[in-house]
Amino acid sequence: MYKRLITTILALAALTANAQTVIEGTVTDSLGHGVDAYVTVAPKGTGYILGFADTDAKGYYKLSFKSTADTLVVTAAGLSVGNVSRIVANKSQRLNIRANQRAIQLKEVSVRAQKIRQNGDTLNYLVGAYQQQGDRVIGDVLKRMPGIEVSQSGGIKYNGKSIKKFYVEEMDLLQGRYGLATNNINASDVATVQVLENHQPVKMLQGKELTDDVAINLKLKDSAKGTVAVNTMLGGGIQWAGGWHIGSRPLDDGQIVIGQNPLWTAEVVGMYFAKRRQNMTLYKGNNTGDDVSKELTQHYSSINSVSLYPFCPTGTVMPSGSGLPQKRTFDNHSHILTMNHLEKPNKDTELGLNIAYYNDRIRREGNSVGDQFISDDSRLLTSETMTSETKVNNLNVQARYNWNAQNGFLANVLKFDTNWNSDRVDGLLSSERTGTAPVNYGNNRVRQHFDRPQLSVSNTFNTIRNIGKNTFDLHFSAGYFHRPNTLTVGIDSLLQGTQTAYTQDVNSHHIAGRFNTSYGIRVADVFRFNYGISASANLHGIVTDLDGFTPPAGNNQLSNDLWYNTYCLALGQSYKYETPDLDITLGLPLELYTQTLDDKIRKNKHGYTHLLFFPSLSMNWSITRDLWFNAGASYSKTVGDPGGIYSGYIMSNYRAFQRSYVEQLSETKNYGANVGLRYRSAIRALFANVGFNYRRTHDNQIYGYNYVGATSVVQAVNQPTTASSYSVSGEASKGFDFLHSTIRVFGGYGLSESERLISQSLYQYRAHNIRFGGALSFSPFEWLGVVYTSGFSQSFSYTEGHRDEAVRVKSNTKRLSMSVYPTKTLTLTLAAEDNYNNLTAENRHAWFGDATAKLKLKHIDLELQLNNLFDQRQYTRVNYSGLDIYTQTSQLRPRNIIGTIRFKLL
Amino acid sequence: MNKRIITIILALSAVCSGAVAQPKVSGRVPTREKRGYDQQIVIDTASVRVLYALNAKDIKDENTYIDLGKLEVGRRVKKYSSEFIDLSDEEAVKWKKRTGHTGYVPKSFWIGGRPELHENWSELVFSDYFIRGNQLKEYACFPLWAERENSSYTEPWPLMQWTLADEQQTILGHRCQKATCRFRGRDFVAWFAADVPIKGGPWKFGGLPGCILKVYDVQKIYVWEAVAIERGTYQIMQYPDKLYPKSTRKSVWQRQKKYAEDYLNAIGWTSLEGKPTPPKIHFEPLEKE
C-alpha cells in the first residue's frame, strides 16, 4: 500500500516537473505603448534560453516551455530598449514588463587586425580599439596609434611625414593650431581618426594635381555633433619649496626655486561641431609648468602667405634649456584665450575667424659654464649664473574666406599679429683666459633688458580656375612687419669697480609682396607642363644705433641707416610625367634677382642683378600599393641677405658685437639630394620609412671670431667655405593584437663637415651624431597598461688633427609608465624616468618619478598628480662641440602635488 | 576486397561531404554603373552594424575572406550586403570621377578579400538583402554581360525554424548559445548572443532571440563569423528598383545557379576559333532547393 502511494507521488512529481509553463504578458514603454521586442526565458544562473517569443503590435507575448528550474529569468530585449530582465518563479503566470525606451549602447568589439581599415587613400583608425581607460582627450589615443607620432611640441607626423591639414568633420576650423583639437576634444567623442594620404585639399585639383601630402580628419560620433559642450577644469596644489607669493617675484629675491605657492590651474573649453558651423573657444591658465601656449602653435598655414622676417640680430643671453621635458623647469604664469569660428553657408564656402591671445610671465634660473676654444694655446672659461623673466603678450587674428568647389577655388586670408614682449635678465659672469697668457677678467654683474615689440599684417589671395583640361592659378600676397626693439645692458665690473652700459636700438621694417601665376597644361593624360611668372619684392628698412661700445681700431661706426631691397622676376617651368604609380617632375625655374642697397650713413648706393637658376628633379614611385620610393636632387643659389650688409657694429648680445659688411655680396650655392622608402600596411598595422639626405653648401664668405676679453667680435670675411652633411634615418611602428601592444623603433646617423675661422685660423670641423630608441606599449592584463620608452644619443665632434682628444657625449633617457585600472572608474599611473649624461660630473643618472590618480565619477572627473616624487632640484647637462664645452645647470620644479576637478557645464 | 570497398566509400563520402567544396565564384564582376551604384538612395540610417567574415582562412586577416559582409540595423530596415563591394565601389567611383576615366577600373581598386577572387562574381557577394518587418527582399545582381538578369524578389522572414541547444561559446566577447535548423536542403548551426538585441544575422539568417554571431552549414561549405560590432551612423542604401525588376525566388535561384555553374554558356559566348565552352563547374548552392 505504501509502495503504491510512494509510486503515485513520484509519478505526479515527475509529471509536475515536466509540465508546460506558460508565461504571457506585455512589454510596454513608459506610456503603456507596445514595444517591438522579443522575450526570452532561461533558468536562473545558466544563461541557456529555453524559449522565446516576439511581441506583437500591442507588445503582447506568450512563452511556452518546459523546465524543472525553480526560478527563471524572463528578459525583454530590443535595440530600442536594451535588455530588461525579471526573475520569476517557474509557474504559469502573467508578466507585464515595462521597458523604458533608450538607445542601447552596444560595446564596440572587433577581432580583425583592421583596427586600421584602409579605404583607398584613407586609413581609418578605430578610436575604440586604441583607447585605454586613462585616456581623456584624442591626443592621448593618437599617441598609441601605429604610424602616427605626436612630438613634444604637439606636431603630428604620419609615417615620418608632417601632416599638412587637420580637419574635424572635414572642416579646417583651427587653421594649423590642431593642438587645440588634440588636447581638448574628448577621445570618447571621436569615432574614427582618418589619415588622408595623397591629400589634395583643392577640390577642383583632385585627380589633376597629385600630391603626397598627408592630412588627418577626426570623425566624431553622432552624440558629439550639433551640441554645445562646455567643459571646465579647476585645480590647485602646493610644492615642497618656493615660498608663497601672489603676483610676480622680483628677479633679485635671492630664491632659485622654480615655481611658487600656491599652484593653480584652470580651463574652460567650449566646443560646437555641426554640419554648417563649428566653434572652439577656450581659456586655459596655470602656474604649474604646463605650457598651454603649445596648443596655439600653428603647425601649418592654410595658405601660402608671404614670408615676413624683419631684420633684428639682437637678443639677450638667457639661461638655456635643460633638455628635460619642459614641465620640470617651466616657471610660468600662463594664460591663453582663443576663439575659432567657422561658418559654412553652403557646401563649398567657408568663412573663418581665428583669434588667439597668449599672456605669460616666464622665469628661468640657471648656471652655465663655458670652456671655449680661442686658439691652439688658450681657452676662455666663463661661468654665468642667471635669473630671467620674460613677459609675453601675443595677439593673433586671422580672418578667411574660402570657396572650394569642383569648378573653381578662391581663398583670401587676412592676418594680423602683434607682440609686446620683453626680457629681463640678471646675472653674474666670471671669466678668465687660460693657456700661455692667462688673464682673469674677474666677476661682472650683468643686467640685460630687451624690449621687443613687433607688429605684422598681411593679406593673401589665391584663385584657381579650370580652362578646359588646363588650370590657371593666380596668387597674390602682401605684408608689412615692424620691430622697434631696444636692448639695454649694464655691466658692473666687481674686480675693477667700473660700470659699463650698452644700449642697442634696432628699428626694422619689412615690406613684402609676391605675385605669382601659373598655367598648367595637360598633354596626353600623362604629362603636365606648368609655366608661371612670379614677381616679388622685399624692402628692408634698417635703422640701428649702438651706444657704449668701443670698437676695435679701424672702424668706429656704431649705427646703421639703410634700405636693402630685393626684387625678383621669375619664370617658373616644371615638367611632370604622372601615372597612377609613377611621377617624375623636372623643375627649371629661372630668376632675375636684383638687390639694391641704400646706405645713408656711408652714402653708398648701389645695386646688383643676377640671373639665377634653380633646377630640381624629383621622383615618386608607388612600387606596390603599400610601398613607395622617392628620390630628388636640387641645386640653388642665394645672393646676399640683410644679415650681411651692415657696416656699423650691432650688439648681438652683451658678449658679441658683429658687423657683416664686406664689399662683395654673400653668395651661397646649395646642393641637395635625397632618397627614401616608405612602407605601410593597414592590414598588418605596420609602418616604416627610411631616408638618406645629402646637403652641401658653398659660401664665398665665412664669419670670423675674435675675442676681446670674454667678448667675441664677429666679422664676415671674404673667404670661401664649404659645408656638407649626410644623414640617414628610419623609423618603424607596428600594432599587435597580442596584449594590445604597439611597438616603435627609430634610429639615425648624421655626419656634418664644416670650417670655422677663429682668431684668423681656419679649423676643419667634423661632427658625428647617432641616435636610436624605441617605445613599447602593451596591456598584459585588462587591469594594467604599460608604456616603456627609451632613447639613446651619442655625439662625437672634433677639429681636424684633434680626433684623439675628442670626447663622446652620450645621453640616454628611459621612461616606464604603468597604469593600473582597479575599477572601471579609477586609473592609477606611476612613472619613473632616468636621464643619463656621461659627462656630468655628479648625478649622471637623474631619476624622476611621477604618480597620477584619476577617478571618473558620473558627472565629474577627479585627478591628483604627484610630480617629481624624488624631489630632484637641479639637472646638469653637458654639451661638447669639438671646440667648446658647455655645462648647463638648470633649476627644477620641486616635488609638487596638484588636484583637479573636471566637469561639464553644458 | 573489403578494404578496397571501405576505401572507395571513404573517398566518396569525403567528396560528397564537401570537405573540399567551396562556395562557387566565377564569371566577372558586373560593372558598377549597371549595378546602379551611383543611383542608390538612402532608405534608413543604422546606428549599429555587425561585420561578418565569409569563409575566413584567418579570421584576423581580411585578405583571407571570400567576403566581409555587413548587417546594418536601422530603425525600420535591416540590410545585409558586402562591405568589400561598397568600399571598392566608393573608391572606384571617386577615382573615375577624378580622372574622367570610362570603362573598367584597375583590379587594384578591389579592396579586401582573397586576391585571387578580386575579379570574380559570386551570387552571395553581389546580392543585397533587406528586411522590413516580416518581409525579406533580395536584390540579386548578375555577372558581367548578364546584368539584364538583375532581379529582385520578396519572401517572408524569418525563414528558419530553430531548435535551441544547451551549448555555449564566446564570440567577440559575447556568450553565444547554439541553435540548429534545417533550411532548404541544408542543416545549419548558429551561435547567437542573447545580450546583443538584434534579431538577425548574415544573409537571410534570423529569427533567433539575439544576434547570430556565427553560422555555418554542417558541412562547413559556408561559414560566417562576426568579426566586429561597430557603432556609428551608417546610411542604408538601396539600389533603384527599375534596375532590379520583380521576379520570384525560384527564378532567381535557378539563374544564379546557371551563371555560377556555366557562366560562358549562360551568357551565350561562342568562340570565334570554334573552341568548345569549358565544362560545367561543380557548384554547391547555399540553398539546395
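If you read the sequences in order, they're chains A and B.
Numbering of the first sequence is given in my numbering, commencing with residue 61 and proceeding in unit increments.
Numbering of the second sequence is given in my numbering, commencing with residue 58 and proceeding in unit increments.
Note that beta-carbon positions come from the ideal geometry of N, C-alpha and C, so glycine has one too.
Quick caveat, the model's predicted, so the values are computed rather than measured.
| query | Of the residues Thr960(A), Phe371(A) and Leu280(A), which one's Cα is nearest the Cα of Gly703(A)? | reply | Phe371(A)
| task | Please confirm if Ser184(B) has its CB atom under 9 Å from at least one CB of chain A. | result | By this cut-off, Ser184(B) is not an interface position.
| said: What are the residues in the region 246-259 of chain B lying within 9 Å of chain A by C-beta distance? | reply: Phe249, Ala251, Asp252, Val253, Pro254, Ile255 and Lys256
| field | Contacts around Asp552(A), its chain only, beta-carbon distance under 6 Å, and the 5 residues preceding and following it disregarded | value | Arg505 and Gln559
| said: For a cutoff of 9 Å on Cβ pairs, would you count Ser138(B) as touching chain A? | reply: no
| message | I want to know whether the region 860-868 of chain A touches the region 831-848 of chain A - three or more CB-CB distances under 8 Å. | response | no
| query | Does the region 656-670 of chain A come close enough to the region 612-629 of chain A to have 3 or more Cβ pairs within less than 8 Å? | reply | yes
| request: Could you name the residues of chain A that Gly263(B) contacts, counting a contact when the two beta carbons are closer than 7 Å? | output: Going along chain A, no residue has its Cβ under 7 Å from Gly263(B), so there is no contact; the nearest lies around 11 Å.
| request: For the beta strand (DSSP E) holding Val280(B), just list the boundary residues, first then last. | output: Val280 to Gln295 is the extent of the beta strand (DSSP E) around Val280(B).
| task | Assign Leu917(A) to buried or exposed, taking buried as 16 or more other Cβ atoms, counted over all protein chains shown, within 10 Å of its Cβ. | result | exposed
| task | Starting from the beta carbon of Gln225(B), find every residue of chain A whose beta carbon is closer than 8 Å, and list them in chain order. | result | Going along chain A in sequence order, the residues near Gln225(B) (Cβ under 8 Å) are Gly107 and Tyr108.
| query | Going by DSSP, which residues form a beta bridge with Met231(A)? | reply | Val228(A)
| For Phe141(B), the three-state DSSP class (helix, strand or coil) | helix
| query | Checking contacts by CB at 9 Å: is Gln218(B) closer than that to chain A? | reply | no
| One or two residues paired with Thr131(A) in a DSSP bridge | Bridge partners of Thr131(A): Ala149(A).
| field | Distance between Val86(B) and Gln212(A) (C-alpha atoms, nearest Å) | value | The straight-line gap separating the alpha-carbon atoms of Gln212(A) and Val86(B) is approximately 49 Å.
| field | Cutoff 9 Å: Lys114(B) Cβ touching any chain A Cβ | value | no
| message | Given a cut-off of 9 Å on the beta-carbon distance, is the pair Ala289(A) and Gly330(A) in contact? | response | yes
| message | Let me make sure I understand the geometry here. Which of Leu811(A), Ala835(A) and Gly833(A) has the alpha-carbon closest to that of Arg826(A)? | response | Selected option, being the one with the closest Cα: Leu811(A).
| Close-in-space but distant-in-sequence residues of the same chain around Lys697(A) (CB under 6 Å, 5 per side omitted) | Leu672 and Lys729
| Bounding residues of the alpha helix (DSSP H) (the contiguous stretch that carries Leu202(A)) | Ile198 to Leu202
| query | Going by alpha carbons, who is nearest to Asn243(A) out of Val210(A), Glu257(A) and Gln260(A)? | reply | Restricting attention to Val210(A), Glu257(A) and Gln260(A), the CA atom closest to the CA of Asn243(A) is found in Val210(A).
| chain A partners of Gln313(B), CB-CB under 9 Å? | Correct list: empty, because the minimum Cβ distance to chain A is about 29 Å.
| said: Within 10 Å of its beta-carbon, does Lys261(B) have 16 or more other beta-carbons around it, so buried, or fewer, so exposed? | reply: buried
| query | What distance in whole Å lies between the Cβ atoms of Gly539(A) and Val1(A), which are believed to be in contact at a cut-off of 8 Å? | reply | The first residue shown for chain A is 61 and the last is 966, placing residue 1(A) beyond what the model contains.
| query | Mind checking Lys225(A): buried by the 16 CB within 10 Å criterion, or exposed? | reply | Buried, because 16 or more other Cβ atoms sit within 10 Å of the Cβ of Lys225(A).
| How would you call Trp843(A), buried or exposed, if buried means at least 16 neighbouring beta carbons within 10 angstroms? | In summary, Trp843(A) is exposed, with fewer than 16 beta-carbon neighbours lying within 10 Å of its beta-carbon over all protein chains present.
| query | Excluding five sequence neighbours on each side, which residues of the same chain lie with their C-beta closer than 7 Å to the C-beta of Asp511(A)? | reply | Ser482, Asn545 and Thr546
| request: Determine the chain B residues that contact Tyr98(A) at a beta-carbon separation under 7 Å, and present them in chain order. | output: Lys256 and Pro266
| For Lys663(A), is the classification buried or exposed, using 16 other Cβ atoms within 10 angstroms of its Cβ as the cut-off for buried? | exposed
| said: Is it buried or exposed, Val99(B), if we count other Cβ atoms within 10 angstroms and call 16 or more buried? | reply: Exposed, because fewer than 16 other Cβ atoms sit within 10 Å of the Cβ of Val99(B).
| Are the C-beta atoms of Leu139(A) and some chain B residue less than 9 Å apart? | yes
| request: Measure from the alpha carbon of Trp178(B) to the alpha carbon of each residue in Pro213(B), Ser139(B), Ile228(B) and Ala149(B), then state which is nearest. | output: Ser139(B)
| Measuring CA to CA, which of Trp248(B), Phe141(B) and Pro213(B) is closest to Gln226(B)? | Trp248(B)
| Name the chain A residues whose beta carbon is nearer than 9 Å to that of Gln97(B)? | Chain-ordered listing is empty here: chain A has no CB closer than 9 Å to the CB of Gln97(B), the nearest sitting near 17 Å.
| task | Consult DSSP for Leu240(A) and reduce its assignment to one of helix, strand or coil. | result | helix
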